[in-house]
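Chemist: In terms of the numbering used here, the sequence shown opens at residue -7 and continues consecutively. Where is the CB? At the ideal position from N, CA and C, for every residue including glycine. Quick caveat: nothing in here was measured; it's all calculated off a predicted structure. Can you read through this structure? Questions will come right after.
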Amino acid sequence: MNVVVVESPAKAKTINKYLGSGYKVLASFGHVRDLPAKDGSVLPDQDFEMSWEVDSASAKRMKDIADAVKSSDGLILATDPDREGEAISWHVLDLLKRKRVLGDKPVKRVVFNAITKAAVLDAMKSPREIDIDLVDAYLARRALDYLVGFNLSPVLWRKLPGARSAGRVQSVALRLVCDREAEIERFVSEEYWNLSALLKTPRGDEFEARLVSADGKRLQAKSIANGDEANRLKALLDGASYRVESVEAKPTKRNPAPPFTTSTLQQAASSKLGFSASRTMQVAQRLYEGIDIGGETVGLITYMRTDGVQMAPEAIDAARRAIGSQFGDRYLPEKARFYSTKAKNAQEAHEAIRPTDFNRIPDNVRRGLDPDQARLYDLIWKRAIASQMASAEIERTTVEIDADNAGEHAGLRATGSVIRFDGFIAAYTDQKEDGEQSDDGDEDGRLPEINARENLAKQKINATQHFTEPPPRYSEASLIKKMEELGIGRPSTYAATLKTLEDREYITIDKRKLIPEAKGRLVTAFLESFFTRYVEYDFTASLEEKLDQISAGELNWKDVLRDFWKDFIAQIDDTKELRVTNVLDALNDILAPLAFPKREDGGDPRACPSCGSGKLSLKLGRGSGAFIGCSNYPECRYTRPFGAEAANGEAQASNEPQSLGKDPHTGEEITLRSGRFGPYVQRGDGKEAKRASLPKGWAPASIDHEKALALLSLPRDIGAHPESGKMISSGIGRYGPFVLHDGTYANLENVEDVFSIGLNRAVSVLADKQSKGGGRARGGTPAALKTLGDHPDGGAITVRDGRYGPYVNWGKVNATLPKGKDTQSVTLEEALALIADKAAKGGGTKAKTSKATKTTKAAGEKVSKAKTAKTTKAAGTKAKAAATKTKATGKAKKADA
């Protein structure tokens, strides 16, 4: 029996069916070890030695694999055919060698681009060794990402409060988004006019022609710059006679695009299906790993992380047969089409993404797929089959027309396209993709019969005013395309990079457009000022090229790390003496359009609107991040949130309260104000005044008397719970809108629900939260997973799962569980020892600290008595041992520190 290791259980299940009883297929569940998220995981001073960590879940899976290998005839590593897949195989093999379970058993590495029986069995016949060059490229990338993240992020934390992190590719992607936003802010709109004539042929057919020349000159885009010029030309056209100078019909061909790569699939799925990059990859992964179709589990598409645009010869043959049978011989070109890849490294230029079987047409497999899977498979199938189909044949007609007004001439042009043969368009048609030409082939429409030298009748002259528009914000699709053009990152990293930017709150996604948050603008400005080289597009792209060279065996990976580290650490060291005033001066200059927008009265944008004599500047608050403040602080306490002007689409001249009316019950004035933490509404004055912050997405300009009253009335009582009789209320908290019942919170989908949710739905939302094990107690405390019993000094001891992992809780003392400890296996004795150790170090109140320390031994004895009188002595001994161990552990930790 041979043991086969793959990444996922779904993949393992499918492959096990193909291989039969002579094989045992186990899943590693992705990477089995990684660099710990702490200092010292990569040691540049020790020739970049890397310290790997296996988490508890992976340790269990590796034990299962090791146990299976012990009794096997050999090991087959069948992880994905890319750098990450090669690295997973390398990690698994290294751990098994350390466990000494391999002996002299053969180890083989196999790769397959599709999970079909034929592909898997063929791969088993052609094993190879682990490709160390690919592993070295992985190690270099992982070390680079770690060194940048764990050295650059602390600089941000010290010099730029509120920043979360920086990353090698992440920061460059963020710069692209921020640069586009700055470009939009600098954009000055220009007026221009277009003129066209609605004309009629002698046969009574109407068509439109646009003005292309006047005054003996060819008109360029935006040549007609104002209304006066437009009206002069309109008058010329109104009084002119029209004659056809020439009619030219040119046959053209449109060729199909190649099959999808990872990035083009993400772009098309975003444009056509509205999928995020991460959603596209999730769905594609499932299609690749296998779907049950007619009682057989089979992979429907080839591997979906690829730069390659070519299909295997047998796939091309299969596609051509499918085209002939499903579309007809007319749609089959004489020769197969071949596409060239842009990938610089042939080792990673895998096959394009295609169906594993072209006979599985989308309509036939739809019943076995969920809606998203069906839509993505349909897209992949159509693009792949179209790539081998005949070109579309299009006739493009151009009509040149002369307008003559008493010897003053102007030229007009009408164009039209007609599809004479649809070719590949019969398979792959849809709306225009981001950055792609439309596939419809008929963007100009069809022209009527028009003959040269015939006269035309004028029906109407149209003069339309336009204004130039700024470049559009990036969408996920267009950003991925731009990153690929620049050579930044790799297909497998795009989705994760975008998700990180969103999670860090550096960008928001609104109507599929990427908008940089003020925090993201701040981080980018800081990096551009003090780490310019490391957010340069060319520098980042050159590093990617070096990684490709490593995987091709052309560069030594540690040489690349040495070259990078020498300059990078010097740059880090230079920032140690950097003063906050230096940072603020640089940020004030770079972010001036955002921080200090132009004033309508033409005054100095940086003049303080409150005191008049002070100068506005960015300020960095420890807890709140960046805000705008006056240089005359503390005499002048004017502040406003950084970035509010851009977010709200308006510049606020001051933070003077804006009256919204009076409270109908108290008669107090309700005002809209701007504070250090953002805009808010307030009822009354003084320390006792009721205040409520504006929810995320609510612009100050949209706040009226009714909305302000609604915010100030929170929390809102919904009604008594039918079971407990206790009140259910709704409100807006730190983590967004919620409903609350008896100390348990449940999130609501949007802010509007807070004001409209009824009792029945509130009960349902709470029940759903409880059924999933969710809900936090009052004050944000996680719900108890398990109650262990009472502490000898009173009060329950519980096990909870918090933000930083599972812990035991007693009163105000929280003690973290040891790494890998199962929450359900914790005993009361273990919890008491952990709590005593935590209390001795200052966890919880002082009173409880001393008391808990003194009663550690007694706690063990009390617990023992509660169990049985016979085991009192033994339990006391056990508790004493636990206390001794706790004390020793504390000493050891102090020694380590």
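Taking only the alpha-carbon atoms, compute the straight-line gap between Thr272 and Arg482 and give it to the nearest angstrom.
Modeler: Going from the Cα of Thr272 to the Cα of Arg482 covers about 16 angstroms.
Chemist: Could you check where the alpha helix (DSSP H) with Leu148 kicks off and where it finishes?
Modeler: Taken as a continuous stretch (DSSP letters only), the alpha helix (DSSP H) holding Leu148 covers Ile124 to Lys151.
Chemist: Which residues in the same chain as Gly266 place their Cβ atom closer than 8 angstroms to its Cβ, once the five residues preceding and following it in sequence are excluded?
Modeler: Result list for Gly266: Arg504, in chain order.
Chemist: Helix, strand or coil for Lys607 per DSSP?
Modeler: Looking at Lys607 - three-state DSSP - the assignment turns out to be strand.
Chemist: Is Gln762 helix, strand or coil when you go by DSSP?
Modeler: Here Gln762 sits in helix by DSSP.
Chemist: Quick one: what's got a C-beta closer than 7 angstroms to Tyr672's C-beta in the same chain, skipping five residues either side?
Modeler: For Tyr672, where only same-chain residues beyond five positions count, the Cβ hits under 7 angstroms are Arg665, Arg683, Ala684, Ser685 and Leu686.
Chemist: Looking only at C-alpha atoms, which of Ala832, Lys833 and Gly787 sits nearest to Leu820?
Modeler: That would be Gly787, whose Cα lies nearest to the Cα of Leu820.
Chemist: Which word fits Gly852, buried or exposed, when buried means at least 16 other C-beta atoms lie within 10 angstroms of its C-beta?
Modeler: Only weak support exists for where Gly852 lies, its pLDDT of 42 falling under 50; the value from the coordinates is given anyway. By the neighbour-count rule (16 or more Cβ atoms within 10 Å), Gly852 is buried.
Chemist: In chain order, which continuous runs of the alpha helix (DSSP H) of length 4 or greater are located wholly inside the stretch 343 to 393?
Modeler: As far as the stretch 343 to 393 is concerned, its whole alpha helix (DSSP H) runs of at least 4 residues are 354 to 357 and 363 to 378.
Chemist: For Ser262 and Ser81, which I take to be in contact (beta-carbon distance under 8 angstroms), what is that distance rounded to the nearest angstrom?
Modeler: About 32 angstroms; that fails the 8 angstroms criterion.
Chemist: Check the C-beta distance from Leu292 over to Pro347 and give it rounded, since I have them as a contact under 8 angstroms.
Modeler: Right, their Cβ atoms sit about 6 angstroms apart.
Chemist: Let's see if you can read the secondary structure: which residues bound the beta strand (DSSP E) around Trp185?
Modeler: Unbroken beta strand (DSSP E) run through Trp185: Glu183 to Lys192.
Chemist: For Glu476, which residues does DSSP report across the bridge?
Modeler: Beta-bridge pairing links Glu476 to no other residue.
Chemist: In the DSSP output, what is His401 paired with across the bridge?
Modeler: Paired residue(s): Asp396.
Chemist: Would you mind reading off the limits of the alpha helix (DSSP H) that contains Lys511?
Modeler: Segment Ala510 to Phe522, the alpha helix (DSSP H) holding Lys511.
Chemist: Considering only residues of the stretch 228 to 267, which uninterrupted beta strand (DSSP E) runs meet the minimum length of 3 residues and lie entirely inside it, listed in chain order?
Modeler: Segments of the beta strand (DSSP E) lying fully in the stretch 228 to 267: 233 to 246.
Chemist: Please determine, among Ser64, Arg352 and Lys91, the residue with the shortest C-alpha to C-alpha distance to Ile372.
Modeler: Measuring from the Cα of Ile372, the nearest candidate turns out to be Arg352.
Chemist: Near Ala304, what residues of its chain come up, given a Cβ to Cβ distance below 6 angstroms and the 5 sequence neighbours on each side ignored?
Modeler: Taken in chain order, the residues that qualify are Glu343.
Chemist: Note the first and the last residue of the continuous beta strand (DSSP E) segment covering Asn447.
Modeler: Asn447 to Phe459 is the span of the beta strand (DSSP E), which, as asked, contains Asn447.
Chemist: What did DSSP end up calling Met(-7) once you bin it into helix, strand or coil?
Modeler: Coil at Met(-7), not helix or strand.
Chemist: Leaving aside the five residues before and after Asp128 along the sequence, list all residues of the same chain whose C-beta is less than 6 angstroms from its C-beta, in chain order.
Modeler: Same-chain partners within the cutoff: Ile542 and Trp549.
Chemist: Out of curiosity, what's the CA-to-CA distance linking Glu182 and Thr460?
Modeler: Straight-line Cα distance between these residues: approximately 5 angstroms.
Chemist: For Pro707 and His733, I'd like the C-alpha separation in whole angstroms.
Modeler: The alpha-carbon atoms of Pro707 and His733 are separated by roughly 12 angstroms.
Chemist: At which residues does the beta strand (DSSP E) containing Pro729 begin and terminate?
Modeler: It spans Gly728 to His733 - the beta strand (DSSP E) in which Pro729 sits, taken as one unbroken run.
Chemist: For a test of the three-state rule: what should DSSP assign to Gln674, helix, strand or coil?
Modeler: Of the three classes helix, strand and coil, the one that applies to Gln674 here is strand, per DSSP.
Chemist: Assuming Asp502 is part of the alpha helix (DSSP H), what are its boundary residues?
Modeler: Element bounds for Asp502: not the alpha helix (DSSP H) but the beta strand (DSSP E), Ile499 to Asp502.
Chemist: When DSSP builds the beta bridges, which residues end up paired with Tyr799?
Modeler: Looking at the DSSP assignment, Tyr799 forms a beta bridge with Arg792 and Thr808.
Chemist: Does the distance from the C-beta atom of Lys62 to that of Val112 stay below 8 angstroms?
Modeler: Cβ atoms of Lys62 and Val112: not closer than 8 angstroms.
Chemist: Return the first residue and the last residue of the alpha helix (DSSP H) that Met273 is part of.
Modeler: Segment Ala269 to Glu281, the alpha helix (DSSP H) holding Met273.
Chemist: Does DSSP put Gln541 in a helix, a strand or coil?
Modeler: The answer is helix: DSSP assigns Gln541 an H, G or I state.
Chemist: Give the secondary structure of Phe747 by DSSP, where H, G and I count as helix, E and B as strand, and everything else as coil.
Modeler: Phe747 falls in the helix class under three-state DSSP.
Chemist: To the nearest angstrom, report how far apart Glu41 and Ser33 are at their CA atoms.
Modeler: Computed Cα separation, rounded: 8 angstroms.
Chemist: Buried or exposed, going by whether 16 or more other CB atoms sit within 10 Å of the CB of Arg632?
Modeler: Buried: at least 16 other Cβ atoms inside 10 Å.
Chemist: By DSSP's criteria, Met54 is part of a beta bridge. Which residues make up the other side?
Modeler: DSSP lists no partner for Met54.
Chemist: Less than 8 angstroms between the beta carbons of Ala759 and Ile789, yes or no?
Modeler: Not a contact, by the Cβ cut-off of 8 angstroms.
Chemist: Go ahead and label Leu144 buried or exposed: buried means 16 or more other beta carbons lie within 10 angstroms of its beta carbon, across all protein chains shown.
Modeler: Leu144 should be labelled buried.
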